[in-house]
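One rule links them: number in this note's numbering = place in the sequence shown (from 1) + 1056. Virtual Cβ for every residue (Gly too), placed ideally from N, Cα, C. From a predicted model like this one, the values you see are computed outputs, not experimental measurements. Comments concern the structure below.
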Amino acid sequence: MKDGDGMSTRPRTRVAQLLTRRRRSALVLAAALCGSCNVGMAQPAPSTPAAGDSVTLFQNVRVFDGKNATLSGPSHVLVRGNKIETISAQPIPVDRRADTRIIEGGGRTLMPGLIDNHWHATLVRTTPAQAFGDVAYNSLQAGAEATDTLMRGFTTVRDMGGPTFGLKAAIDEDIVKGPRIYPSGAVITVTSGHGDFRQLTDLPRTIGGMLTRMEQLGGSMVADSPDEVRVRTREQLMQGASQVKLTAGGGVSSPFSPIDVTTFTEAELRAAVEAAENWGTYVATHAFTPAAIRRSIAAGVKCIEHGMLMDEATAQLMAEKDIWLSMQPLPEDLRLGFPVGSVQRAKADEVWPGIARTYELAKKYKIKTAWGTDVLFSRALAQQQGAILASLARWYTPAEALTMATATNAELLALSGKRNPYPGKLGVVEQGALADLLLVDGNPLENLNLVADPGKNFLVIMKDGAIYKNTLPR
Ligand SMILES: [Zn+2]
1057 MKDGDGMSTR
1067 PRTRVAQLLT
1077 RRRRSALVLA
1087 AALCGSCNVG
1097 MAQPAPSTPA
1107 AGDSVTLFQN
1117 VRVFDGKNAT
1127 LSGPSHVLVR
1137 GNKIETISAQ
1147 PIPVDRRADT
1157 RIIEGGGRTL
1167 MPGLIDNHWH
1177 ATLVRTTPAQ
1187 AFGDVAYNSL
1197 QAGAEATDTL
1207 MRGFTTVRDM
1217 GGPTFGLKAA
1227 IDEDIVKGPR
1237 IYPSGAVITV
1247 TSGHGDFRQL
1257 TDLPRTIGGM
1267 LTRMEQLGGS
1277 MVADSPDEVR
1287 VRTREQLMQG
1297 ASQVKLTAGG
1307 GVSSPFSPID
1317 VTTFTEAELR
1327 AAVEAAENWG
1337 TYVATHAFTP
1347 AAIRRSIAAG
1357 VKCIEHGMLM
1367 DEATAQLMAE
1377 KDIWLSMQPL
1387 PEDLRLGFPV
1397 GSVQRAKADE
1407 VWPGIARTYE
1417 LAKKYKIKTA
1427 WGTDVLFSRA
1437 LAQQQGAILA
1447 SLARWYTPAE
1457 ALTMATATNA
1467 ELLALSGKRN
1477 PYPGKLGVVE
1487 QGALADLLLV
1497 DGNPLENLNL
1507 VADPGKNFLV
1517 IMKDGAIYKN
1527 TLPR
């Protein structure tokens, strides 16, 4: 972090937050003492308002608003607190208060912060072996990775599985720097399904019996009946899940799930959908094959993760039913990383050719398509997060790719309804939207590769009105 004072933009807010929290704690204690309620201390903290009423003025910038394929003319953008207050072609007068920041954009591009809609915040930097080990060590690694994620310009991630509730709270409370997190909590799977990382020696499973290590950690939960699915779904919602993730079919990295299998029954999927909808949100399923996708849709699932083995008829069905496709242009290096001759490599060899085919189908049938990376167990690959976005150039124009990673991804986030942990508009630069902004040195609508080198090309990174990076000369 080169910009020392970028880290201290919200002192008054912190005090206000602490006072609010103390007041809340006192109320909870009083309520508990008089026996009037059962408020649990472990309730997820609501997201904290940021940046007080501090003011940042971006002068002389060209705006990519997240939607339009061209940059605006020279503009001025005023951020007050955590929101974009004014966008104007005319200079905006501001009081020169001590906490007013004026950023001279010099004609550079101001755009929305990036959104990765398939991320695993706590499983990026750890290794599979470490993931079951020391919780404190893994949490510190995840915190460091969250900071790196934000410094790559990703101001929001939709977390599709892993024990992220604590990390999210720590970020919202400004204990650690990181992106906004839309958490799913534990992935819910079946015995042998994708996400069941037990060994054969762990069998048999007793329903209602002891939890395994992976379940205790909150990484994934095994459920083998509608009732069990309901319990596990509600547990994630209770902890603050903004959406729920189930694995409806086999996966590449799991030891005992062939890629072709369909796992949950329709009744099991429906139990999760019902619980999530009763809670005001939705279910997303990991599904590659037409059978897994179709069963998910029949059960009321609103978003398909991956979908890379879909056929033409299934693509058509997704479009007709207005189902989201959350896709990842998985890098070739990832496939090559699985050892030749391994089960995982054979599965990867089957899935990878589906990436191009599925993007073609998504375009042909105009399926609502979100973008994400799904990086697991690789810090090196995480550093390619922007490059993976830039690789969409194979199928999309720079404007289409950037719209997908901003305004369109934000539309999928909004599907969390009342369980949206960050109410307000994300993924756009417009008046009233939340102030998650990047100042880019160059025009990414002409050169998408600028996003592949955020260290060099993202000069200012703002999240929720607070500046986390500013390398402009002063
Ligand atoms: Zn994933």
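Beta-carbon proximity list for residue i, same chain, < 6 Å, skipping 5 on both sides
{"i": "Val-1531", "result": "This structure leaves residue 1531 out entirely; the chain is present only between 1057 and 1530."}
{"i": "Arg-1157", "result": "Thr-1112"}
{"i": "Glu-1201", "result": "Val-1180 and Arg-1181"}
{"i": "Glu-1271", "result": "Met-1277"}
{"i": "Gly-1410", "result": "Met-1364 and Leu-1365"}
{"i": "Ala-1034", "result": "As displayed, the chain neither begins before 1057 nor continues past 1530, which places residue 1034 out of reach and without an answer."}
{"i": "Asp-1155", "result": "Ser-1110"}
{"i": "Gly-1162", "result": "none"}
{"i": "Val-1285", "result": "Ala-1279, Glu-1324, Ala-1327 and Ala-1328"}
{"i": "Trp-1408", "result": "Arg-1391"}
{"i": "Gly-1480", "result": "Leu-1490"}
{"i": "Ala-1371", "result": "Leu-1417 and Tyr-1421"}
Own chain partners of residue i with C-beta closer than 7 Å, once the 5 adjacent residues on each side are dropped
{"i": "Ala-1355", "result": "Glu-1322, Leu-1325, Arg-1326 and Val-1329"}
{"i": "Ala-1461", "result": "Leu-1170, Ile-1171, Trp-1427 and Leu-1445"}
{"i": "Asn-1505", "result": "Ala-1446"}
{"i": "Val-1232", "result": "Gly-1199, Ala-1202, Thr-1203 and Ala-1226"}
{"i": "Ala-1404", "result": "Val-1308, Arg-1391 and Phe-1394"}
{"i": "Lys-1224", "result": "Ile-1237 and Pro-1239"}
Residue i beta carbon near ligand 2 (any heavy atom closer than 7 Å)
{"i": "Glu-1291", "result": "This structure lacks ligand 2; the ligands present are ligand 1."}
Cβ neighbours of residue i in the same chain (closer than 8 Å, five flanking residues each side left out)
{"i": "Glu-1368", "result": "Leu-1417"}
{"i": "Thr-1453", "result": "Ala-1125"}
{"i": "Gly-1222", "result": "Ser-1195"}
{"i": "Gly-1442", "result": "Leu-1170, Arg-1208, Gly-1209, Val-1507, Ala-1508, Asp-1509 and Pro-1510"}
{"i": "Leu-1127", "result": "Arg-1118, Val-1119, Phe-1120, Thr-1165, Asn-1499 and Leu-1501"}
{"i": "Asn-1503", "result": "Pro-1454"}
{"i": "Ala-1304", "result": "Thr-1318, Thr-1319, Phe-1320, Leu-1325, Thr-1341, His-1342, Ala-1343, Ala-1348, Ile-1349, Arg-1351, Ser-1352 and Val-1357"}
{"i": "Lys-1424", "result": "Asp-1378, Ile-1379, Trp-1380, Leu-1381, Thr-1464, Glu-1467 and Leu-1468"}
Neighbouring residues (CB closer than 5 Å to any heavy atom of ligand 1): Met-1216 and Asp-1430
Three CB pairs or more closer than 8 Å across the region 1257-1271 and the region 1490-1498: no
Complete runs of the alpha helix (DSSP H) confined to the region 1439-1506 [at least 4 residues]: 1441-1446, 1454-1459 and 1465-1469
Meets three-Cβ-pair contact criterion under 8 Å: the region 1187-1199 and the region 1138-1156: no
3-residue-minimum beta strand (DSSP E) runs that sit fully inside the region 1178-1244, ordered along the chain: 1210-1215 and 1236-1239
Touch test, the region 1293-1301 against the region 1309-1316, Cβ-Cβ under 8 Å, three pairs minimum: no
At least three beta-carbon pairs within less than 8 Å, the region 1272-1279 to the region 1244-1259: yes
Length-filtered (4 minimum) alpha helix (DSSP H) runs lying within the region 1359-1395: 1368-1377 and 1388-1393
Cβ contact (3+ pairs, closer than 8 Å) linking the region 1502-1522 and the region 1202-1215: yes
Residue ranges of each beta strand (DSSP E) within the region 1295-1338, 3 or longer: 1300-1303
Contact the region 1469-1481 vs the region 1336-1344: 3+ CB pairs below 8 Å: yes
Contact between the region 1346-1354 and the region 1387-1401 (3+ Cβ pairs under 8 Å): no
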